[in-house]
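Comments concern the structure below.
Residue numbers (the numbering used here): 27 to 128.
As structure tokens, this is what we get:
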């Protein structure tokens, strides 16, 4: 749902309230675009997420979203560290390693 990517929380709420389907990609879009408010809303409403949300946050240099995902038990693996390293973002890489990403 592109509303999550474009920081359109009200549009996201509108679509969700009207039964628009969503899946893990909604959280991925929010994380990749640094949209913490949409990411929080997604989870409050039961939207699923997976390790790709962490990968996309790290790839896009979205440390705040990466920390939120980790703090809320989103799965991650070395691909999160790989994405941070490949994109030259030491803060995400350091955060992931210091917080047990393996």
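All residues carry an ideal CB built from backbone N, CA and C; glycine is no exception.
Because the structure is a prediction, the values reported are computed rather than measured.
Rounded to whole angstroms, what's the CA-CA distance from residue 113 to residue 37? Just pull it up for me.
The straight-line gap from Cα to Cα measures roughly 30 angstroms.
Please classify residue 52 as buried or exposed, where buried requires at least 16 neighbouring CB atoms within 10 angstroms.
The Cβ neighbour count for residue 52, taken over all protein chains shown within 10 Å, is at least 16; the residue is labelled buried.
What are the start and end residues of the alpha helix (DSSP H) that includes residue 34?
For residue 34, no alpha helix (DSSP H) segment is defined, and its DSSP state is neither H nor E.
Go through its chain and collect everything with a Cβ distance to residue 74's Cβ below 7 angstroms, but skip five positions before and after it.
So the list reads 49, 50, once near-sequence residues are dropped.
Along the alpha helix (DSSP H) that carries residue 120, what are the first and last residues, could you check?
Counting along the chain, the alpha helix (DSSP H) containing residue 120 begins and ends at 116-124.
With the cut-off set at 9 angstroms, would you say residue 123 and residue 100 are in Cβ contact?
Cβ atoms of residue 123 and residue 100: not closer than 9 angstroms.
Out of curiosity, what's the CA-to-CA distance linking residue 127 and residue 76?
Between the alpha carbons of residue 127 and residue 76 lies a gap of roughly 14 angstroms.
Give me the Cα-Cα distance between residue 34 and residue 42, rounded to the nearest whole angstrom.
Residue 34 and residue 42: Cα-Cα distance of roughly 12 angstroms.
Go through its chain and collect everything with a Cβ distance to residue 109's Cβ below 6 angstroms, but skip five positions before and after it.
Around residue 109: 81, 84, 85.
Classification of residue 70 by the beta-carbon crowding that lies within 10 angstroms, buried from 16 upward:
That one is exposed.
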